[in-house]
């Protein structure tokens with residue numbers, strides 16, 4: 001049998017008993033990877049292969065021209081694509097970092113500290129999981145308009161810092177850390193900040209990785225903010241630019257825009273793939289740990 005260490009779900013070494021799983025999982029993995037492979041090849045197709053019939057899965061004459069055209073493209077307002085990409089990168093880094101920071105700090109407080117209305121606050125957070133974005137679109141717009149965030153860079157950041165699922169996951173994860181461990185550190189003179197940094201954070205790395213993935217995907221693919229709350233083109237993000245790329249910035253010529261749209265799709269997709277590949281083992285450990293009492 002495969003060996004497991006602690007709460008890790010991935011086996012540490014190969015065993016012949018795993019062959020029956022590989023016989024099923026390898027063909028399934030190849031099948032599920034086909035859309036990813038297609039997106040990659042599609043971005044390097046010249047215009048004649050993009051509209052070839054029957055459609056070709058693999059590119060025959062790969063070219064970087066789509067990417068050259070993409071970065072040379074400027075929309076009607078004169079804003080270069082690099083500006084949209086810069087906005088997305090900065091917003092994503094800030095939101096992911098602050099979301100992890102706030103989720104872990106709040107999760108630690110709700111799990112290991114005692115204060116008034118502690119259960120009520122957590123129940124409100126749990127209740128927030130019920131609401132889809134469309135259900136709160138109007139109240140959210142009124143609130144953002146009231147505090148003066150309309151058409152500002154901060155409107156990309158502040159509304160996305162509230163992540164109920166992240167707080168819920170981290171709090172439930174910290175609940176499984178023995179209280180005796182925290183009390184022992186406190187008896188040794190450790191402050192709350194030291195306990196949080198040296199004990200809590202190392203023990204909840206799998207949960208942090210999961211929150212990072214969820215937060216990254218939310219902000220990187222976010223179109224709503226640029227559409228509803230931002231009028232200045234220089235403040236909009238790459239995901240919004242991509243949603244209008246094939247038609248608006250090419251003067252309505254959707255045929256001419258398909259090449260740069262394919263290149264933009266790959267740029268949008270790759271960061272999601274890379275961050276998941278890097279952190280997926282931690283996510284699996286989170287799922288395994290959450291079921292152990």
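Residue numbers (full-length UniProt numbering): 1 to 293. Where a beta carbon is used, it is the ideal one built from N, C-alpha and C, also for glycine.
What residue from the options has the CA that sits closest to residue i's CA?
i, options, result
"residue 295", "53, 19, 57, 21", "There is no way to answer for residue 295, as the model of the chain reaches only from 1 to 293."
"residue 177", "166, 205, 151", "205"
"residue 270", "163, 237, 221", "221"
"residue 69", "51, 46, 117", "46"
"residue 213", "180, 166, 231", "166"
"residue 65", "260, 16, 144, 149", "260"
"residue 140", "127, 62, 159", "159"
"residue 227", "244, 211, 279", "244"
"residue 258", "30, 51, 23, 151", "51"
Could you tell me the distance, in whole angstroms, from the CA atom of residue i to the CA atom of residue j?
i, j, result
"residue 265", "residue 43", "8 Å"
"residue 72", "residue 232", "21 Å"
"residue 196", "residue 157", "25 Å"
"residue 88", "residue 172", "31 Å"
"residue 179", "residue 112", "7 Å"
"residue 203", "residue 268", "32 Å"
"residue 199", "residue 86", "35 Å"
"residue 321", "residue 129", "Here the chain covers residues 1 to 293 and nothing more, so residue 321 does not appear."
From what residue to what residue does the alpha helix (DSSP H) around residue i run?
i, result
"residue 145", "137-146"
"residue 211", "205-220"
"residue 171", "164-175"
"residue 134", "Residue 134 -> no alpha helix (DSSP H), and no H or E assigned at all."
"residue 56", "Residue 56 -> no alpha helix (DSSP H), and no H or E assigned at all."
Should residue i go down as buried or exposed, given a rule of 16 or more other Cβ atoms within 10 Å for buried?
i, result
"residue 117", "exposed"
"residue 293", "Bear in mind that the predicted position of residue 293 carries a pLDDT of just 43, short of 50, making it unreliable; the figure below should be weighed with that in mind. Residue 293 should be labelled exposed."
"residue 225", "buried"
"residue 125", "buried"
"residue 93", "exposed"
"residue 162", "exposed"
"residue 277", "exposed"
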